[in-house]
Every structure is written in structure tokens, then in C-alpha cells.
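Take 2 as the starting number for the sequence shown in the working numbering and just add one per residue.
Note that CB positions come from ideal geometry on N, CA and C, so glycine has one too.
Let me begin by presenting the structure, written as C-alpha cells, before commenting on it.
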Amino acid sequence: MPNRLIHSQSPYLLQHAHNPVDWYPWGPEALKKAEVENKPILVSIGYSACHWCHVMERESFEDEVTAELMNEYFVCIKIDREERPDLDNIYMDAVQAMGLQGGWPLNVFLMPNQKPFYGGTYFKNEQWTRLLANIGNAFKNHADQLAESAEGFGRSLNRSEIEKYGIVASDEEASADDLVEIITKLNSQFDKEWGGMNRIPKFPMPVIWNFVLDYAQISKRKDLKEAVYFTLKKIGMGGIYDHVRGGFARYSVDGEWFAPHFEKMLYDNGQLLELYSKAYQLSKDGFFLEKIEETIQWLQAEMLDEKGGFHAAQDADSEGVEGKFYTWRYSELEQLVGDELPWLRKLYNLKIHGNWEDGVNILFQTSDYESVAREFKMSKDELLGKLAEVKATLLEVRNQRIFPGKDDKIIAGWNGLMSSGLIQAYLATGNEKAIDLALNNLDFIREHMIIDGVLHRTYKNGSTYTPAFLEDYAAVIKASLTAFEVSGNITYLKFGEDLTAFCMGHFYDENEGFFFFNDPKAEKLIANKKELFDNVIPASNSIMARNLHKLSLLTYNEKYAEISKAMLSKMKDLILKDPGFLSNWASLLLEQVVPTAEIGIIGIGAKEKALELLRKAPSNLVVAWNEEVTENAPILQGKTPDSTGNALIYVCFDHACRRPVSQVEDAISQLPKLN
2 MPNRLIHSQS PYLLQHAHNP VDWYPWGPEA LKKAEVENKP ILVSIGYSAC HWCHVMERES
62 FEDEVTAELM NEYFVCIKID REERPDLDNI YMDAVQAMGL QGGWPLNVFL MPNQKPFYGG
122 TYFKNEQWTR LLANIGNAFK NHADQLAESA EGFGRSLNRS EIEKYGIVAS DEEASADDLV
182 EIITKLNSQF DKEWGGMNRI PKFPMPVIWN FVLDYAQISK RKDLKEAVYF TLKKIGMGGI
242 YDHVRGGFAR YSVDGEWFAP HFEKMLYDNG QLLELYSKAY QLSKDGFFLE KIEETIQWLQ
302 AEMLDEKGGF HAAQDADSEG VEGKFYTWRY SELEQLVGDE LPWLRKLYNL KIHGNWEDGV
362 NILFQTSDYE SVAREFKMSK DELLGKLAEV KATLLEVRNQ RIFPGKDDKI IAGWNGLMSS
422 GLIQAYLATG NEKAIDLALN NLDFIREHMI IDGVLHRTYK NGSTYTPAFL EDYAAVIKAS
482 LTAFEVSGNI TYLKFGEDLT AFCMGHFYDE NEGFFFFNDP KAEKLIANKK ELFDNVIPAS
542 NSIMARNLHK LSLLTYNEKY AEISKAMLSK MKDLILKDPG FLSNWASLLL EQVVPTAEIG
602 IIGIGAKEKA LELLRKAPSN LVVAWNEEVT ENAPILQGKT PDSTGNALIY VCFDHACRRP
662 VSQVEDAISQ LPKLN
């Protein structure tokens, strides 16, 4: 007998629809039931690609005896964190305020008024049943004590971020010295042996490396550029990368990028695609090109919805085993590749008895192509040709396996991140497929995910649901503005402006000068949070601040610039203290210290010049272009071609333009550097 989750769209909720637990989705029915029956609420939050969520389901939520306890004592609510990141933010904060480790599955116990009093992450079944009984008894006999505890955590949740982090506007303008301090702190945390940050487990953290790469380029710091390239090579060689199909897993459990948590998330791959593309633009390293092309192939083959949206995630597990789909037995490889095995064994660190658990091998590149080719007396091109054939063979065989589960809902913000990555890939490689995928994706969002002027977070099975959060607006605005720069289509600029206007009216807190993550007008929650710290996804406030900066240059709307500068001023001291979790803010600080160039290109050949410019100078400028004189974007007003109608490039700062030039190299020479 299915429970109430059977009517959900979310693949994660549907996974739990046949549990003996009497699950409710988050909503008025469950909340009212808790209030009327005076029962505590158990909120359990996870997502479809979460390995430990599956483990806890098998051990506890599918167990009749455990379910009986849950149903007796609690109103049980299941939440897909990808559908409701606002609720996940609130209750994750609550668990951390309790001094407990956060993570997923996130299990939180609430009073009937939704205020939390206890929580945790994964529990073994024995611990879980004991906890359920203890809390059930405590609520029955000592509800007043639990209520007192919940009130304390409720007050903590409602503390303003301004108060919580001691945020005050800085008295001093940001300077080049601030940038040196930021990069010095980050540099001290780099893992010089394996790349990435000196932490275990290892997350790629593209937002950090994007800032470092931009800073390295603008300051001519070759050592920092090499540090970025080194990290990207180690990630691309690691088991975290899918060498057979393309695409990156979420993180590695070790410090060497070897053994991943095998789930693939759209948001990681969008950001990494953008970062590898920028690295390729600056380095022309074929290894980066390989990762770009293979990741686009994976996206198109396995994640693309027929209408143009991208699906959210692929699971870590298949047939109930983590990584089974992606790993290989040595004997299997022997049969498949035959005489090619000696060099393949060297290239991917293969072991007869396996290099990972249960006698299987993770493909883990420990030697570069050049050294393997030398050792086996081949040219690099010959090796790469053989490797392409081997990968095709392995892919054909792997595609016969049972695929991991896929979360096929379409999430607006994650699609925005992927669209930005695809646009950067187009600029880096000229791959027309990349720009087609990106623009079709943005058109899909405009046509299918906006209802009555409101962007929605999720689309599945032909229906759009859940009003979007700031994360969604911010990422889609970013992609739209970039699409305008590349395509010249004013529709994308207008789309970005319309979404920004909605954010200003619904998310912006005039009192504190930041944006709420949730729209306080859309639904009453026990707390309205503001997301300030960059993590695996940049903070929605930092993306918005950079969007406003860019929009102010494209539209000459000074209000945008004022808000962006005020936001940065308030964050400056925090950025200097802990840049590892504020790197997107640091990128904005870089754009303030080194003025962002406003570039307008008008005349015949404008498109070619714009694309060449964006390819050669991939950061700290905004570009608008048109083949004919136009005022459709304020940045293009008053700009004209040369006397023969051919395109001129206007490099401007604070609306004041340098002498127009016809050659891209001459325009680049007018861009500022950090000395």
C-alpha cells in the first residue's frame, strides 16, 4: 500500500512511496495533522543520488518494526532537498546549532509548531529505533522541556546573518593589497602534491579555482596559473572523472581524487565545464579540451531532456552497490582490450586483484599521456587514437549494464549553471553544439518554467512546480547575461533584467542590503535565511552581486551598481578572513579593484570581433555588439562603425570610452592589468 508520496513528482520522494512509513510530503496537511494531534514532527531530508540516504532507507524506512515506531510517535515528512533547499538550509542550520555534524540524510525532530529540538544525519537501525522510542517518551512525559529547547533553537535560527557574523560595511575601499592577502591565504591551503585544497574528502570547489585563474591572468602570476592547471589535471586524471563517458562525480573520499562518491550532479558539471573551458582558452592544453568535449557528450547522451532542459543527477548506486556501474574487474578488461592491456594498465593504475574494494578497478590515471606513450614506444597521437578506440569499446559494454538511477527533474538554477558552462565551452572550442544546447536550454526555461511572471524551480513530466529560490534566479540571470554577450540577442538581456526586477521586489531586504534565499511573500517559514557563503555552489547572494555589477555596465542603471558595491563592502572583512568559502565574493572584489571593461562593438564583423575578444580575454569585461547602429542596449548607445561600415571596438570605463579600434589585439591592449 503506497503512502502519500506516491503523488509526488520528485524521484527521491517516489523512492520512498512504498515504505511502510506513513510519509507525508511537506505541506499544510502534515503540518495541520501535527498541530491537531499534538504530535512531534520527524522531517527526513535527502536526495535521489545520496548513497547514505539509500542505506538508511533499506535499514530503517523499509523495516516494518521501525516504521511502526515512526508512525506511532511522529508525523513523518519526507523532503527532497533539491526541491526545497530553503527548508534544508533552515534545518541544517538547526542541527549545526545543536553542535552536531551536518549532512544527508538529514533527520530532524520538530515540535508541532515546526521548531526543531533534536536531529542528526545517518543512524544505524539500532541507534535509530532507540532514538525514536526515547524521543517519543520524552515528548509524552517532558514536552515542556523539549518546547523550551525548541524555542532556543528557534531564536537561533531567526538571528539575522548580519548579527550572526558581525557584518558591517567596510570603511575602506577594496585595494590590490586586499587581493594579495586573499590569494596568499588561499595559496597556503593548496595541496601541492595532489592539487585542490588541502582537505579530505576532496571537493573540486570550482569557485575557488575560477577566482585564482582570473587573478593569475590579470596579475600575470604564472605560478598561480600553473597551480590551477595542476589541480585541473589531477581532477581530470582522477577516479572522480568518468574516463569512459565524461562528466565528474561530486567528490572523492580520499585526498588523491581516486575513489569518488560516484553520483554525478548537474551543478558540479556545469561549473567544471566553465572552469576547464577558461583554462583551455588560456593554456590551449589538449587535456582540458578532452574533458570539455567528453563532458558535453555525456550531457547530451545521458542528461538532456527532449525539450531542452537538463536532468538533475545520476545516482552513485546501481543494483544496490555504490560504483558498480563505473568499475571494472581486471579479467573483464583483459577480455575486452586484449593486446592493449599493458599500456592501459599503466595509464589507469589497474591491478589484477583490483585497486579498490571487492576486487574491482576504478580508472585512475596516474601517468600523463606523454610518459605512457614514451614507455610503450608510441607517439602521443598514436596512444590517444588507441585510447579513443578502447574507450568506445568499454562504453559499448558499460551501456549494457544496469544504469544507476537518475533524477530526471529539471532544476532551474542548476540548468543556469550548466548553460553558463556550455557558453564558455563554445567560446573556448568553437563547438556549435555547445552554444545550441545552452541557448535552447535558456529558451526552455523561459517558455516552460515561468508561470505568470514567476520563475519556478522544478519541471518534470510536463509540469512546473515550486516557485524558484534566489539560487535559481541568480544562476539563470548569470547565464542569460552571458548568452546576450555571445549571441547579441537582446531577448536574453531583457530576460535577465526581468528576473532581476522580480528579485528586487520579492527577495531583496532593504534593511540589511542582501537577498533572502526564499521569497518571504511566497510561504511563511519559521525562518527566512540569507545565503552568504560560497561552497560547492557559489552563494546566491554572491552570484546576484556579480550579476548586478554586470547589469549595471550593460544597462547603465546605477542602482544595480550601488547595491552590488554595498553588498561587497559588507562582506569585505569576511572575505579577507576566510576566502576559501567566499571566493565568488573575491571575484567581485577583483572586478572592483581592477575596473571591469565595458566594451561595445558596432558594425560589419561585430560578431566575429566580439567572440574573438571573449575567447582571448575570458574575464573582467562585459561585451555587447551589433552589426548595425542600435540603441537596444544602453552600452551601445552613441557608438558607430568606421566610415566604411566595418566594426569598431569601444573599450570604456565608467561610461568613458578610449579611442575606438578595429583590431581585437588593440582592444586587449587597452584592458587594465594588476601590477
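May I ask you to report which of helix, strand or coil DSSP gives residue i?
{"i": "residue 400", "result": "coil"}
{"i": "residue 553", "result": "helix"}
{"i": "residue 673", "result": "coil"}
{"i": "residue 699", "result": "The requested residue 699 does not occur in the structure, where the chain is confined to residues 2 to 676."}
{"i": "residue 465", "result": "strand"}
{"i": "residue 315", "result": "strand"}
{"i": "residue 504", "result": "helix"}
{"i": "residue 329", "result": "strand"}
{"i": "residue 8", "result": "helix"}
{"i": "residue 202", "result": "coil"}
{"i": "residue 459", "result": "strand"}
{"i": "residue 174", "result": "coil"}
{"i": "residue 407", "result": "strand"}
{"i": "residue 662", "result": "strand"}
{"i": "residue 47", "result": "strand"}
{"i": "residue 592", "result": "helix"}
{"i": "residue 380", "result": "coil"}
{"i": "residue 79", "result": "strand"}
{"i": "residue 284", "result": "helix"}
{"i": "residue 261", "result": "strand"}
{"i": "residue 166", "result": "coil"}
Just checking residue i against the ligand ATP - is the residue's beta carbon closer than 6 angstroms to any of the ligand's heavy atoms?
{"i": "residue 188", "result": "Among the ligands in the structure shown, none appear at all, so the ligand ATP cannot be discussed."}
Along the chain, where does the alpha helix (DSSP H) containing residue i start, and where does it finish?
{"i": "residue 66", "result": "65-74"}
{"i": "residue 13", "result": "12-16"}
{"i": "residue 54", "result": "52-57"}
{"i": "residue 210", "result": "207-220"}
{"i": "residue 642", "result": "Careful: residue 642 lies outside any alpha helix (DSSP H) and carries neither H nor E."}
{"i": "residue 478", "result": "471-488"}
{"i": "residue 575", "result": "559-578"}
{"i": "residue 343", "result": "342-349"}
{"i": "residue 420", "result": "413-430"}
Assign residue i to one of two classes, buried (16 or more other C-beta atoms within 10 Å of its C-beta) or exposed (fewer than that).
{"i": "residue 515", "result": "buried"}
{"i": "residue 135", "result": "exposed"}
{"i": "residue 176", "result": "exposed"}
{"i": "residue 261", "result": "buried"}
{"i": "residue 599", "result": "buried"}
{"i": "residue 531", "result": "buried"}
{"i": "residue 173", "result": "exposed"}
{"i": "residue 201", "result": "exposed"}
{"i": "residue 115", "result": "buried"}
{"i": "residue 642", "result": "buried"}
{"i": "residue 312", "result": "buried"}
{"i": "residue 484", "result": "buried"}
{"i": "residue 197", "result": "buried"}
{"i": "residue 497", "result": "buried"}
{"i": "residue 402", "result": "exposed"}
{"i": "residue 328", "result": "buried"}
{"i": "residue 730", "result": "Past the edges of the chain, shown from 2 to 676, lies residue 730, and the structure says nothing about it."}
Go through its chain and collect everything with a Cβ distance to residue i's Cβ below 6 angstroms, but skip five positions before and after it.
{"i": "residue 635", "result": "556 and 557"}
{"i": "residue 244", "result": "364"}
{"i": "residue 266", "result": "251 and 314"}
Which same chain residues end up closer than 7 angstroms to residue i when comparing Cβ atoms and leaving out the 5 residues on each side of it in sequence?
{"i": "residue 23", "result": "4, 72 and 77"}
{"i": "residue 637", "result": "601, 603, 625, 627 and 631"}
{"i": "residue 404", "result": "319 and 326"}
Contact check, residue i vs residue j under 8 angstroms by CB: the rounded distance?
{"i": "residue 74", "j": "residue 47", "result": "Residue 74 to residue 47, Cβ: 21 angstroms. No contact."}
{"i": "residue 147", "j": "residue 112", "result": "7 angstroms"}
{"i": "residue 1", "j": "residue 373", "result": "Residue numbering for the chain in the displayed model covers 2 to 676; residue 1 lies beyond these limits and cannot be assessed."}
{"i": "residue 121", "j": "residue 108", "result": "6 angstroms"}
By the DSSP assignment, the beta strand (DSSP E) with residue i in it spans what residues?
{"i": "residue 688", "result": "Not covered by the structure: residue 688. The range shown for the chain is 2 to 676."}
{"i": "residue 612", "result": "Taken as a continuous stretch (DSSP letters only), residue 612 belongs to no beta strand (DSSP E), being part of the alpha helix (DSSP H) at 607-617."}
{"i": "residue 526", "result": "Run containing residue 526: none; DSSP gives neither H nor E here."}
{"i": "residue 118", "result": "117-121"}
{"i": "residue 108", "result": "107-111"}
{"i": "residue 22", "result": "Counting along the chain, residue 22 falls outside any beta strand (DSSP E), and DSSP gives it neither H nor E."}
{"i": "residue 62", "result": "That residue, residue 62, is in no beta strand (DSSP E); it is neither H nor E in DSSP."}
{"i": "residue 679", "result": "Since the first residue of the chain shown is 2 and the last is 676, residue 679 is not available in this structure."}
{"i": "residue 651", "result": "649-654"}
Within the same chain, show all residues whose beta-carbon is closer than 8 angstroms to that of residue i, passing over the 5 residues directly before and after it, in chain order.
{"i": "residue 456", "result": "413, 446, 450, 468, 469, 473, 474, 477, 500 and 503"}
{"i": "residue 659", "result": "651, 652, 653 and 671"}
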